[in-house]
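The structure appears right after this line, and notes come after that.
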Amino acid sequence: MDAEITINMGFFLHDLHKQIEQLHQAQVSSYRGKPFVVYRGQGLSKTDFGQLTKTVGGLLSFNNFLSTSIKLQKSLEYTYSALSDPDKVGVLFVITIDPNIGTTPFASIGDFSYFEDEAEILFSMHSVFRVGTLRQVGDKINLYYAVQLQLTADDGPQQRVLTDRIESEVQ
């Protein structure tokens with residue numbers, strides 16, 4: 002990749018992270034301290050899905066900005082669209098967020114998103130989640146897996162080890 006593009010991309014990613022932080026600070030009181038659920042539907046390669054099944058009870062980090070929705074049906078559309086690829090496994094991440102826990106910033110971006118009807122919540126890069134249950138859902142035609150995730154605090158020993166590893170890989 003061209004060095005100039007890489008530098009410009011770094012500035013863009015940093016600015017996006019800062020905007021999410023600012024929105025998070027402005028919005029956090031609107032959650033009134035009550036946990037809530039967001040969803041992300043996607044397809045995973047069979048290899049990646051196999052790795053995911055081994056992390057139940059452990060931690061999972063997404064190495065990009067993570068787009069989720071408050072609307073279950075919208076996320077299921079993405080899950081179902083992955084089912085047409087025989088090399089993919091349809092996955093619905095069901096993510097519980099406790100706004101009282103200091104975490105990676107997230108923000109509602111519905112007012113800024115091109116997809117206004119998605120009620121989108123965007124997480125900053127390297128958000129860390131604890132993997133809960135993983136269960137098969139649906140019928141033979143629309144068979145997918147629902148994976149429970151819990152947004153974690155940044156201060157546990159496992160999180161620190163994971164954060165240190167991510168930071169060393171990024172540098």
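Here the sequence shown is numbered in the numbering used here, starting from 2 and rising by one per residue. For each residue, glycine too, the CB sits at the ideal point set by N, CA and C. Nothing here was measured: the structure is a model prediction, and the numbers come from that model.
When the Cα atoms are used, what is the spatial distance from residue i to residue j?
i: Gln43; j: Phe63; result: 13 Å
i: Pro106; j: Leu14; result: 14 Å
i: Asn101; j: Ser109; result: 16 Å
i: Glu121; j: Asp112; result: 9 Å
i: Asp140; j: Tyr32; result: 35 Å
i: Val29; j: Ile71; result: 15 Å
i: Ser76; j: Ile96; result: 12 Å
i: Gly34; j: Leu53; result: 30 Å
i: Leu45; j: Thr134; result: 17 Å
i: Gly230; j: Leu17; result: For the chain, the structure presents residues 2 to 172; residue 230 sits outside this window and is missing.
i: Ala27; j: Tyr81; result: 34 Å
i: Ile6; j: Lys19; result: 20 Å
Based on DSSP bridge pairs, tell me the residues matched to residue i.
i: Ser62; result: Val129
i: Val91; result: For the sequence presented, residue 91 should be read as Gly rather than Val. Answer is Gly44.
i: Ser76; result: Its beta-bridge partners do not exist; DSSP assigns none.
i: Gln149; result: Val95
i: Ala108; result: Leu123
i: Arg136; result: Ala147
i: Ser70; result: Tyr40 and Glu121
Less than 8 Å between the CB atoms is what I'm expecting for residue i and residue j, so what's the real figure, rounded?
i: Val132; j: Thr56; result: 5 Å
i: Met126; j: Phe66; result: 6 Å
i: Ile21; j: Leu123; result: 6 Å
Which residues in the same chain have their Cβ closer than 8 Å to the Cβ of residue i, if we skip the five residues on either side of it in sequence?
i: Leu144; result: Leu84, Gly91, Gln137 and Val138
i: Lys47; result: Asp88, Lys89 and Val90
Let me know if residue i comes out buried or exposed under the rule of 16 or more other beta-carbons within 10 Å of its beta-carbon.
i: Leu152; result: buried
i: Thr38; result: Here the sequence assigns Val to residue 38, which means Thr is not the residue at that position. Looking at its Cβ environment, which holds fewer than 16 other Cβ atoms inside 10 Å, Val38 is exposed.
i: Tyr115; result: exposed
i: Ile174; result: With the chain represented from 2 up to 172, any question about residue 174 goes unanswered, as that position is not in the structure.
i: Glu119; result: buried
i: Phe94; result: buried
Spatial neighbours of residue i within its chain, please: C-beta separation below 7 Å, excluding the five flanking residues on both sides.
i: Leu73; result: Tyr40
i: Pro36; result: Thr97, Ile98 and Asp99
i: Ala147; result: Leu93, Val95, Arg136 and Val138
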